[in-house]
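Visitor: Heads up: the sequence shown at position 239 corresponds to 239 in the UniProt record's numbering, and the numbers run straight through without jumps.
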Amino acid sequence: MASEPLPIGTLSSTPQAGQIIRHEGKEYETVKEGLAYILTPRSSTSSSENTGKKKPTETKDKPTVFYNPIQQFNRDLSVLAIRAYGEHAIEMKREKHERSMKRVAQVRGKGQKRKWEAVDEDTAAAHTQTANKKQCINGNAGVSTEGVSKAAPEVAGPKTADKPENNKKPWTPTFTILDALSATGLRALRYAKEIPFATQVIGNDLSAAAIESIKINIQHNGVQDVVRPNTGDACAYMSSMLGPQKQNHDGSYFGKFDVVDLDPYGTAAPFMDPAVQAVADGGMLCVTCTDAGVFASTGYPEKAFALYGGIPIKGLHSHEGGLRLILHALATTAAKHGLAIEPLLCLSIDFYARLFVRVHKSPSEAKFTAGKSMIVYNCDSGCGAWTTQRLAQTRKRQGKSGNTFYLHRLSQAPTATPNCEHCGLRTHLAGPMWAGPLHNPHFIQRILNLLGGADQETYPTFDRIEGMLITALEEDLNIGESSKDPTPESESIGKNNDNNGTPSLLIPRVDPARLEPHPFFFIPSAISKVLHTQTMPEYTLRGALRHLGYKSTRSHAKAGSIRTDAPWSVIWEIMREWVRQKSPVKEGAISEGSAGAGIMRRGREKIDIDCNSAGLRSLKRDILSAVESGKDLSDLTTKIEAALYRSGVRRPPEEKASAEKVQGGLQNGKSQAESSTEPGGSSLEMPDPSTLEIVFDEALGRKAIDAHRKRRLIRYQTNPRPNWGPLPRAPVLNPKKD
Numbered sequence: 001m002a003s004e005p006l007p008i009g010t011l012s013s014t015p016q017a018g019q020i021i022r023h024e025g026k027e028y029e030t031v032k033e034g035l036a037y038i039l040t041p042r043s044s045t046s047s048s049e050n051t052g053k054k055k056p057t058e059t060k061d062k063p064t065v066f067y068n069p070i071q072q073f074n075r076d077l078s079v080l081a082i083r084a085y086g087e088h089a090i091e092m093k094r095e096k097h098e099r100s101m102k103r104v105a106q107v108r109g110k111g112q113k114r115k116w117e118a119v120d121e122d123t124a125a126a127h128t129q130t131a132n133k134k135q136c137i138n139g140n141a142g143v144s145t146e147g148v149s150k151a152a153p154e155v156a157g158p159k160t161a162d163k164p165e166n167n168k169k170p171w172t173p174t175f176t177i178l179d180a181l182s183a184t185g186l187r188a189l190r191y192a193k194e195i196p197f198a199t200q201v202i203g204n205d206l207s208a209a210a211i212e213s214i215k216i217n218i219q220h221n222g223v224q225d226v227v228r229p230n231t232g233d234a235c236a237y238m239s240s241m242l243g244p245q246k247q248n249h250d251g252s253y254f255g256k257f258d259v260v261d262l263d264p265y266g267t268a269a270p271f272m273d274p275a276v277q278a279v280a281d282g283g284m285l286c287v288t289c290t291d292a293g294v295f296a297s298t299g300y301p302e303k304a305f306a307l308y309g310g311i312p313i314k315g316l317h318s319h320e321g322g323l324r325l326i327l328h329a330l331a332t333t334a335a336k337h338g339l340a341i342e343p344l345l346c347l348s349i350d351f352y353a354r355l356f357v358r359v360h361k362s363p364s365e366a367k368f369t370a371g372k373s374m375i376v377y378n379c380d381s382g383c384g385a386w387t388t389q390r391l392a393q394t395r396k397r398q399g400k401s402g403n404t405f406y407l408h409r410l411s412q413a414p415t416a417t418p419n420c421e422h423c424g425l426r427t428h429l430a431g432p433m434w435a436g437p438l439h440n441p442h443f444i445q446r447i448l449n450l451l452g453g454a455d456q457e458t459y460p461t462f463d464r465i466e467g468m469l470i471t472a473l474e475e476d477l478n479i480g481e482s483s484k485d486p487t488p489e490s491e492s493i494g495k496n497n498d499n500n501g502t503p504s505l506l507i508p509r510v511d512p513a514r515l516e517p518h519p520f521f522f523i524p525s526a527i528s529k530v531l532h533t534q535t536m537p538e539y540t541l542r543g544a545l546r547h548l549g550y551k552s553t554r555s556h557a558k559a560g561s562i563r564t565d566a567p568w569s570v571i572w573e574i575m576r577e578w579v580r581q582k583s584p585v586k587e588g589a590i591s592e593g594s595a596g597a598g599i600m601r602r603g604r605e606k607i608d609i610d611c612n613s614a615g616l617r618s619l620k621r622d623i624l625s626a627v628e629s630g631k632d633l634s635d636l637t638t639k640i641e642a643a644l645y646r647s648g649v650r651r652p653p654e655e656k657a658s659a660e661k662v663q664g665g666l667q668n669g670k671s672q673a674e675s676s677t678e679p680g681g682s683s684l685e686m687p688d689p690s691t692l693e694i695v696f697d698e699a700l701g702r703k704a705i706d707a708h709r710k711r712r713l714i715r716y717q718t719n720p721r722p723n724w725g726p727l728p729r730a731p732v733l734n735p736k737k738d
């Protein structure tokens, strides 16, 4: 039996999903998301119908002017992330307040005690002198002298000063959030209703029509005490937060925000500068960029450089490169103001990027920005390999007193030749981009802890959030397959426990000098395509890597991806052995001059096995490859020079010593993974891959995969329905004045 339709209500009616609300002659339909309700006009139609673009295939796909249901995953994740950070911020403020109160108590108990005694004596003397004068005039000397001296402390003593404090309300920490581009105000409403300790949420928008919608939704949800709308330009409003605190109309004061959320249509680049300044010290900045066609492709490199200050990278790993471009833009923008960023969680989701970063006021940490910026030499037209080059070097030193400090020096360039050292084809430049870690594992674990107690009806994207967060957590190779517990538990977390043993709410900071030693990922099917061979199963490839002592995991940005600390020289040696042992290539399948031909020329069967030195074998292999692939005299000379440099003949003395040290480590029984001092770098510091024993241990590979697959998770969600992507831009409509 069909349920009866809900009666038409008003703004004061109890919110219900699907209810029709009539207000000022207009009818609205109630849409529920999380614990918030928004009112969408019943007569609203998709803006795509007015622009001549492709119409949605389903009625439910037709968006209203402001509301985009496709971004619900973004909003659900944002609520949980801000709540996890907010618990940390509230705990920090509480500890700071307690320390402040202890200092006040100590001052009052020591220095102020003498001060009050001196004040009491002076006050009593003044009262006594005045009383004596009155008594002499009245002829009653010595009558009230004792009474005045006893009453004096009641006027100026510490007890009287404590009375106003006893009458004050108990101290509660504030937590303020700015939704800089609010539209309907849905994010602001959800933050107010789902984050219990939020004291003020500002919903800002430039459109007067959007502000009217926000006001209606605030009234319908009954959150007038927490959410406040503001009409204005987001950049101007955030810039107004600089300087001392301002006073609201109600007498309360406000200043920089604990959380600033940027969710624009397209790029967030124009808002980055005022946003990093509007965040309080240690606050969190949430950024969404939906222009993946710019930051994650090479179709518009000039546009990407204008917005983010770097050139995007080409390949299947372009979305991670896009995240690093956005982080680099944030880091350089913040560094201009003596601020440093700390990525907490950076995700590539569907058609957009979502980043959560913590902003610290620290000019000294801002100096690490150069050392955490890199350019990439990318073989996008050939085999797909890459080599990274940091813009500066940051080295840790210890002073005479035992204190540690950092030296910032120039980097030696280049780290790669113009042609790819693996296939011989040309490489292209990408960056500069962020070279540090993308996530803080402690922050991710805090969100997962909150997610465990969340209501799946309130967060319908629960399964996908869990799968993506766990995948992002496993990207750290240090807590990957070799870890018994997939959840990181550091010393700082273990020590900061409550009296009852529960984990602390504080989120430890990542070392500001820490770099990501193994950026990006590859996909086995893509590198198999280069050699025109059958795709190696994931467990087979990961077993071969594990047998050599390397770790491997996956990336959240792409299904079927593999992140590893193995260098490209080892990866291609594994692929050559796969072709030789398991999946031979048909004769003529690899054309001359292709990337695959360049890779196969370096096979171990091409080298004289009787050579006494691995370095000599490597040099012979490189020279033979150069002779076969050299197009002209200049190209041949360049490739031979590069081969001589890699072999150590043209290498500086300090690099020779480093290479000999690595080779000595191998002779002492260390694995190749253990002897590499610069994982993921060039082959200058690595031994000859042709000396490695490649074993396709499927059992070992399955064991490595099973360590990450203890239960089924939605790691990579397919599009739920057609036309899953960004909706057309909503027009900026201002209400007509009568």
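Built from N, CA and C at the ideal position, the CB exists for glycine as well.
1) Between residue 700 and residue 583, what straight-line distance do the alpha-carbon atoms span, to the nearest angstrom?
2) Give me the Cα-Cα distance between residue 235 and residue 466, rounded to the nearest whole angstrom.
3) Sort 243, 384, 430 and 323 by Cα distance to residue 391 and report the nearest one.
4) Rounded to whole angstroms, how far is the Cβ of residue 343 from the Cβ of residue 439, which I believe are closer than 8 Å?
5) Is the Cβ-Cβ distance between residue 220 and residue 35 less than 8 Å?
6) Using alpha carbons as the reference points, say which of 706, 293 and 277 lies closest to residue 338.
7) Relative to the C-alpha of residue 518, which candidate in 387, 216 and 82 has its C-alpha closest?
8) Enumerate, from N- to C-terminal direction, the unbroken beta strand (DSSP E) stretches of 3 or more residues contained entirely within the region 318-380.
9) Judging by CA-CA distance, which residue of 572, 634, 504 and 594 is the nearest neighbour of residue 87?
10) Helix, strand or coil for residue 179? Go by DSSP, reduced to three states.
11) Is the region 261-280 touching the region 323-341, taking contact as three or more C-beta pairs under 8 Å?
12) Go ahead and pull the three-state DSSP assignment for residue 643.
13) Do residue 210 and residue 201 have their C-beta atoms closer together than 8 Å?
14) Give the DSSP-derived three-state secondary structure of residue 101 in the structure shown.
15) What residues in its chain sit with their C-beta under 8 Å from that of residue 17, if we drop five residues either side in the sequence?
16) Below 8 Å between beta carbons: does that hold for residue 559 and residue 345?
17) State yes or no: is the C-beta of residue 180 within less than 8 Å of the C-beta of residue 262?
18) Do residue 303 and residue 378 have their beta-carbon atoms positioned less than 8 Å apart in this structure?
19) Once DSSP output is grouped into helix, strand and coil, what is the label at residue 577?
20) State the start and end residues of the unbroken alpha helix (DSSP H) segment that holds residue 429.
21) How would you write the range of the beta strand (DSSP E) that residue 398 sits in, first residue to last?
22) Bridge partners of residue 9, per DSSP?
23) Enumerate, from N- to C-terminal direction, the unbroken alpha helix (DSSP H) stretches of 4 or more residues contained entirely within the region 550-601.
24) To the nearest angstrom, how far is it from the Cα of residue 626 to the Cα of residue 341?
25) Distance check for residue 77 and residue 352, CA to CA, integer angstroms please.
26) Could you name the residues that DSSP lists as bridge partners for residue 386?
27) Whose CA, out of 469, 385 and 525, lies closest to the CA of residue 419?
28) Within 10 angstroms of its Cβ, does residue 73 collect 16 or more other Cβ (buried), or is it exposed?
29) Less than 7 Å between C-beta atoms, sequence neighbours within five positions excluded: which residues of the same chain meet that for residue 365?
30) Are the beta-carbon atoms of residue 184 and residue 213 separated by less than 8 Å?
31) State the beta-bridge partners of residue 205 as determined by DSSP.
32) Can at least three beta-carbon pairs, one atom from the region 570-580 and one from the region 529-540, be found at a separation below 8 Å?
33) Is residue 536 helix, strand or coil when you go by DSSP?
34) Of the choices 564, 562, 623 and 631, whose alpha-carbon is the least far from that of residue 592?
35) Which of helix, strand or coil does DSSP assign to residue 456?
36) Classify residue 421 as helix, strand or coil using the three-state DSSP reduction.
Guide: According to the structure data:
1) 20 Å
2) 34 Å
3) 430
4) 6 Å
5) no
6) 277
7) 387
8) 339-349, 352-361 and 373-378
9) 504
10) strand
11) yes
12) helix
13) no
14) helix
15) 30, 31, 32 and 37
16) no
17) yes
18) no
19) helix
20) Here residue 429 belongs to no alpha helix (DSSP H); instead the beta strand (DSSP E) covers 428-434.
21) 392-398
22) 21
23) 568-581 and 595-600
24) 44 Å
25) 14 Å
26) 378
27) 385
28) buried
29) 340 and 512
30) yes
31) 231
32) yes
33) coil
34) 631
35) coil
36) coil
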